[in-house]
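A quick write-up on the structure given underneath.
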Amino acid sequence: MELNILTAHELTNLLKNKKTTPEEILSSLEKRIKSVDSKVRAYVRLTEPNKLNDNNELNGPNCFLKGIPVSIKDNICTQGYNTECCSKILEGFKPPYDATVIKKLKQAGAVILDKKTNMDEFAFGSSTENSYFGPTHNPWDLERVPGGSSGGSAAAVAADEAVWALGSDTGGSIRQPAAFCGVVGLKPTYGRVSRYGLIAFASSLDQIGPLTKDITDCAILMNIISGCDSYDATSVDITVADYTKSLVNDIKGIKIGIPKEYFVEGLDLEVKSIVEEAIDKLKSLGAAYKEVSLPHTEYAVPVYYIIATAEASSNLARFDGVQYGLRIPAKNIIDMYKKTRDEGFGQEAKRRIILGTFALSHGYYDAYYLRALKVRTLIKQDFDKVFNDFDCIVTPTSPTAAFKIGEKVDDPLKMYLSDIYTISANLAGIPAISIPCGFTKKGLPVGLQILAKPFAEETLFRVAYTYEQNTEWNKRKPKL
Amino acid sequence: MAITKETIEYTAHLARIELKPQELEKISRQLKGILDFIDTLKRLEVKDIAPTSHILPINNVLREDIPVKSLSAEKALMDSPSQKGTFFVVPKIIE
Amino acid sequence: MNYEAVIGLEVHVHLKTKTKAFCGCSTEFGQGPNSQACPVCLGFPGSLPVLNKVALDYAIKVGLALNCAVQEFTKFDRKHYYYPDLPKNYQISQYDLPVSKDGFLDIYLESGTKRIRIKRTHLEEDAGKLIHEDASSLVDFNRAGIPLLEIVSEPDMNSTQEAYEYLTSLKSIIEYLDVSDCDMEKGSLRCDANISIREKGALGLGVKTELKNMNSFKAVRDALAYEIERQTEVLNEGGEITQETKLWDARELKTVSMRTKEEARDYRYFPEPDLPPFIIKSEKIEKIRRTIPELPREKMLRFTKDYGISEYDARILVMNKKDAEYHEACLKAYQDLNKKGMVNLLIGTLLSEANARNTASAELGVLPSRLTELIEFVDRDQISNLTAKSVLTEMIDTHISAAEIIKKKNLIQISDTASLDAVVEEVIKENPKSVEAFKAGKENAIMFLVGQAMKKSQGKANPKAVQEILKRRLVDA
Chain A
14 MELNILTAHE LTNLLKNKKT TPEEILSSLE KRIKSVDSKV RAYVRLTEPN KLNDNNELNG
74 PNCFLKGIPV SIKDNICTQG YNTECCSKIL EGFKPPYDAT VIKKLKQAGA VILDKKTNMD
134 EFAFGSSTEN SYFGPTHNPW DLERVPGGSS GGSAAAVAAD EAVWALGSDT GGSIRQPAAF
194 CGVVGLKPTY GRVSRYGLIA FASSLDQIGP LTKDITDCAI LMNIISGCDS YDATSVDITV
254 ADYTKSLVND IKGIKIGIPK EYFVEGLDLE VKSIVEEAID KLKSLGAAYK EVSLPHTEYA
314 VPVYYIIATA EASSNLARFD GVQYGLRIPA KNIIDMYKKT RDEGFGQEAK RRIILGTFAL
374 SHGYYDAYYL RALKVRTLIK QDFDKVFNDF DCIVTPTSPT AAFKIGEKVD DPLKMYLSDI
434 YTISANLAGI PAISIPCGFT KKGLPVGLQI LAKPFAEETL FRVAYTYEQN TEWNKRKPKL
Chain R
828 MAITKETIEY TAHLARIELK PQELEKISRQ LKGILDFIDT LKRLEVKDIA PTSHILPINN
888 VLREDIPVKS LSAEKALMDS PSQKGTFFVV PKIIE
Chain V
276 MNYEAVIGLE VHVHLKTKTK AFCGCSTEFG QGPNSQACPV CLGFPGSLPV LNKVALDYAI
336 KVGLALNCAV QEFTKFDRKH YYYPDLPKNY QISQYDLPVS KDGFLDIYLE SGTKRIRIKR
396 THLEEDAGKL IHEDASSLVD FNRAGIPLLE IVSEPDMNST QEAYEYLTSL KSIIEYLDVS
456 DCDMEKGSLR CDANISIREK GALGLGVKTE LKNMNSFKAV RDALAYEIER QTEVLNEGGE
516 ITQETKLWDA RELKTVSMRT KEEARDYRYF PEPDLPPFII KSEKIEKIRR TIPELPREKM
576 LRFTKDYGIS EYDARILVMN KKDAEYHEAC LKAYQDLNKK GMVNLLIGTL LSEANARNTA
636 SAELGVLPSR LTELIEFVDR DQISNLTAKS VLTEMIDTHI SAAEIIKKKN LIQISDTASL
696 DAVVEEVIKE NPKSVEAFKA GKENAIMFLV GQAMKKSQGK ANPKAVQEIL KRRLVDA
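Residue numbers (this note's numbering), protein chains in the order written: chain A, 14 to 493; chain R, 828 to 922; chain V, 276 to 752.
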């Protein structure tokens with residue numbers, strides 16, 4: 014059996030029982046990448062095969078992950094390895110420091126792959142078509158998008174080109190590609206995982222999270238990356254539970270809310286029926302569900318596109334050619350800024366930066382940014398109310414399955430609307446997971462999204478694990 | 828919201844992005860559409876709602892005043908497009 | 276047309292914390308450019324700020340010392356503008372909810388005390404340094420991220436003197452708190468001014484110009500004076516003042532418009548999402564209040580009470596904290612209840628010696644007991660004030676005591692009548708004209724005669740005694 018198709022926990026067992034070595038695992042992965050990545054394009058800047066980390070911690074007591082490779086999205090800083098957010102403006106940037114999550118992974122003995130996974134430039138997108146390096150192709154249908162912005166990570170995991178991966182989620186960028194690629198993707202509670210070293214898109218919405226082949230791997234990876242960080246003032250000092258303890262096959266008594274606003278026109282009928290079947294499955298396993306209302310759902314997308322682009326326009330102001338990345342030489346500094354940023358940013362990046370700058374500018378701040386912050390309060394309150402009476406909320410992850418490459422790229426608004434089910438969780442700061450729950454007639458994966466109240470990742474794991482143990486979706490693999 | 832091309836051009840200047848004329852055309856069109864969509868927010872009554880700038884109820888995150896090792900100058904300049912000694916170099920600024 | 280100036284000052288002080296505002300880089304310089312920086316203060320992608328606890332404490336301390344209301348809820352905001360010394364192209368600052376506001380500072384003028392209101396104080400991070408060469412500019416980010424406290428006054432000052440007094444008083448208070456070195460030359464205190472003029476008695480404000488690049492207290496005074504004159508001239512000729520930013524040219528001694536026309540900046544402030552807000556409880560405020568030492572004004576008032584000296588003199592003695600402590604030790608060491616002798620020595624002689632050597636009185640190394648010893652020679656009429664001055668200079672240079680110097684140089688005045696009588700007789704004989712003049716009613720002529728006596732005695736005669744003897748001789752004769 015090829016090692017690359019196994020999960021991290023399976024590989025850990027093999028390593029423990031000396032049935033394989035880290036070198037063999039890595040080599041199996043490399044072989045798979047060589048074989049299929051020219052079609053999938055999950056990775057960017059393919060380099061020479063990775064050397065095992067020269068890690069002192071490799072022999073420490075916490076090295077239970079020793080020898081397990083992790084694939085990293087191109088917006089998470091890895092010291093000495095290019096981290097470019099798949100943008101021309103960060104061409105050649107090698108961070109002089111590791112993101113906190115990378116430090117934690119290294120301390121646990123994991124091997125950080127030096128091939129970064131593809132993404133929409135600066136995480137601006139829902140299809141990975143906005144990457145400077147070109148799109149990633151969905152392993153289930155190479156003519157379709159893998160979702161975005163963590164499309165590379167999701168596709169790599171789905172195609173067994175990765176054991177597991179880290180992505181980032183600002184408006185659904187882990188969950189939606191997880192759904193499109195038939196893998197597990199989790200966005201932690203805001204503040205659960207340190208953002209130090211994540212190249213920021215929207216500071217009040219971003220989180221790093223796992224993309225994995227099954228729930229068990231997701232829990233293990235969450236155990237490692239979660240926790241308060243003194244370098245991130247927005248990371249919370251709440252003890253990290255052992256999420257693997259939530260991997261129990263039992264959801265008797267769990268109360269599930271089904272928001273009626275998510276099952277309206279715009280939701281593909283096939284996706285709708287698959288998701289409804291999944292909800293019925295949960296019921297058959299002992300959970301109870303009831304219709305609830307999240308009345309401000311329709312405002313989530315406009316609120317998101319003001320807040321996220323405003324913060325993005327600010328976070329991306331630093332890309333100016335002075336200290337790192339691309340510089341277009343010019344006689345004066347203003348020209349240097351303008352030419353560098355014009356040449357270095359793609360269309361979507363420019364669009365968002367200008368929109369965000371506008372929302373913050375004099376005369377428009379109150380009508381746009383301030384108003385959006387207030388509506389954000391209303392959206393959060395919607396969730397608070399529901400979580401008073403329900404343990405979790407279940408929805409489709411995305412209104413459709415994977416769409417064709419090129420289908421939405423010229424209509425930004427259409428693209429933005431595909432985030433409609435995932436965005437609210439970021440605005441409310443709550444944890445959310447997408448798990449495979451079926452396939453369309455065309456053989457495309459469909460994702461089920463589960464949301465819980467802040468810091469209740471245990472509930473997500475419990476429900477997701479129970480569902481997984483009683484279905485077989487994650488056992489199907491794309492034919493590549 | 829009726830937003831003019833001039834406003835978008837000025838906004839692009841605020842963001843230090845130079846748009847070529849066709850780009851400006853295209854982006855203006857797209858942004859107008861997006862802003863029209865965003866204007867649905869105007870339907871809501873939000874006068875007495877407090878804005879959420881920070882979603883977490885945490886306060887007073889502080890750091891002790893204890894020095895930590897800085898990066899070496901070499902590391903700080905590792906990716907610099909232009910340097911002189913351990914300075915970053917930029918086109919002459921005239922004040 | 277009678278115009279009055281309306282001046283507001285914006286002062287930035289470097290807080291002397293051990294580390295920067297938002298990262299753990301040391302604030303102690305000395306190494307080469309860009310060696311005191313990290314991903315956070317360099318603004319590298321992925322970096323995040325975390326506020327320095329002591330910076331916040333210092334900000335609260337200053338707010339309290341300036342009689343401000345420290346805000347219970349305060350937060351940071353991003354202030355956006357593009358400049359190569361600003362790594363993120365935004366500065367983390369405070370916009371609408373600063374640490375403290377609505378305070379005041381009393382300044383002392385000849386006409387009495389005047390209250391200058393303080394609008395607000397807030398924390399922010401400093402930018403890096405630019406060095407301009409022929410064809411390019413060089414950037415050093417060592418200074419980027421140093422915590423700054425910005426103190427904004429209301430436009431309550433109406434003259435350059437008031438502005439100067441405000442600055443010196445502010446510097447004095449902050450030094451007392453020991454939260455900044457407040458050295459304008461070294462850049463740990465920076466000052467920008469907003470100045471306009473209006474008809475005397477008018478209520479509104481004229482168009483203001485912003486003045487920058489004033490690198491010393493003297494420059495502030497000169498720049499303001501120049502600008503008042505310039506604006507007055509413009510208005511007198513029927514022109515209008517344009518609102519603009521001007522730089523002080525310390526070489527040409529004039530204000531010049533900035534070369535690049537500064538567009539009206541849209542800073543696009545919004546709350547800093549990377550920093551959760553701060554709730555400052557009253558217990559914390561009180562705890563910090565208790566660490567505030569006796570401030571200049573309190574000390575000044577206490578000196579007038581404890582040592583019976585004037586407010587004017589006391590103010591000079593307490594201006595600088597280290598000197599204030601030294602001065603108090605001197606006042607205490609001097610046993611006489613009338614401290615005038617000591618005060619004069621401290622303010623007159625010692626302070627000018629210190630200024631000449633570009634240092635503080637306390638740094639001159641003269642023990643309070645030794646100063647007392649010197650004054651007591653004067654009190655006993657053994658040396659004149661003039662002699663005391665030169666003895667003091669030598670005490671500073673050599674660290675030898677007054678007694679030793681006076682003994683070595685044989686400086687004790689001749690005060691005994693017998694010796695002086697002889698000298699006086701000679702002087703009277705040799706200067707008949709002056710004697711006549713005095714007898715004729717010209718009082719001052721006696722000073723000439725005293726001077727002659729001093730000359731004759733190589734300066735050793737006690738001038739007071741000489742004058743007494745002369746008077747007796749000339750009046751009686």
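A virtual CB, placed ideally from N, CA and C, is assigned to each residue, including glycine.
Excluding the 5 residues flanking it on each side, residue 368/A has same chain C-beta neighbours closer than 6 Å at 322, in chain order.
Interface with chain V (8 Å Cβ-Cβ cutoff): residue 834/R is excluded. The shortest CA-to-CA distance from residue 420/V to any of 468/V, 296/V, 715/V and 736/V is the one to 296/V.
Straight-line measurement puts the Cα of residue 108/A at about 35 Å from the Cα of residue 848/R. Separation of residue 868/R and residue 309/A (C-alpha to C-alpha, rounded to the nearest whole angstrom) is 10 Å. Pairing residue 304/A with residue 454/V, the inter-Cα distance amounts to about 60 Å. When secondary structure is reduced to three states using DSSP, residue 480/V falls in the coil class, being assigned neither helix nor strand. Annotation: Cβ neighbours of residue 550/V in chain A (cutoff 7 Å, chain order): 246.
Residue 627/V carries a helical assignment under DSSP once its states are collapsed to helix, strand and coil.
The region 384-400 of chain A and the region 345-365 of chain A do not touch, with fewer than 3 CB-CB distances between them shorter than 8 Å. Between residue 327/A and residue 365/V, the C-beta gap is smaller than 8 Å, which places the two residues in contact. If you draw a 10 Å sphere on the C-beta of residue 697/V, you find fewer than 16 other C-beta atoms in it, and that means exposed. A Cβ-Cβ distance of about 14 Å is found for the pair residue 138/A and residue 317/A, leaving them out of contact under the 8 Å criterion. DSSP, reduced to helix, strand and coil, places residue 312/A within a helical segment of the structure shown.
Around the beta carbon of residue 299/A, a 10 Å sphere encloses fewer than 16 other beta carbons of the protein chains shown; the residue is thus reported as exposed. DSSP places residue 918/R within a strand segment (E or B) once states are collapsed to three. Looking at 478/A, 409/A, 82/A and 344/A, the one whose alpha-carbon comes closest to that of residue 170/A is 82/A.
Rounded to the nearest whole angstrom, the C-alpha separation of residue 617/V and residue 605/V is 8 Å.
The three-state reading of DSSP puts residue 486/A in helix, counting H, G and I together. Within the region 354-374 of chain A, the residues whose Cβ lies closer than 8 Å to some Cβ of chain V are 370, 373 and 374, listed in chain order. Comparing alpha-carbon positions, the option among 286/V, 558/V and 443/V lying closest to residue 596/V turns out to be 443/V.
Take the alpha-carbon of residue 885/R and the one of residue 469/A: they are about 17 Å apart. Beta-carbon to beta-carbon, residue 45/A and residue 174/A are separated by about 5 Å, close enough to satisfy the 8 Å threshold.
CA-CA distance, residue 550/V to residue 306/A, rounds to 33 Å. Within chain A, no C-beta atom comes nearer than 9 Å to that of residue 578/V; the closest sits roughly 46 Å away. Taking CB atoms only, residue 220/A has no neighbour in chain V less than 8 Å away. Between residue 403/V and chain A, the shortest Cβ-Cβ separation is not below 8 Å. Of the residues 119/A, 92/A and 117/A, the one whose Cα lies closest to the Cα of residue 106/A is 92/A. In the structure shown, residue 17/A falls within a helical segment according to DSSP collapsed to helix, strand and coil. An exposed status is given to residue 921/R, since fewer than 16 other beta-carbon atoms sit within 10 Å of its beta-carbon. Proximity of chain A to residue 860/R at the Cβ level (cut-off 7 Å) is accounted for by 426, in chain order. Scanning chain A for C-beta atoms nearer than 9 Å to the C-beta of residue 849/R yields nothing, as the closest lies near 12 Å away. For residue 164/A, no beta strand (DSSP E) run applies; the uninterrupted alpha helix (DSSP H) run containing it begins and ends at 164-171, by DSSP. Between the C-alpha atoms of residue 335/A and residue 907/R there is a straight-line separation of about 7 Å. As the crow flies, the alpha-carbon of residue 344/A is around 27 Å from that of residue 401/V. In this structure, the alpha-carbon of residue 888/R lies about 12 Å from that of residue 349/V.
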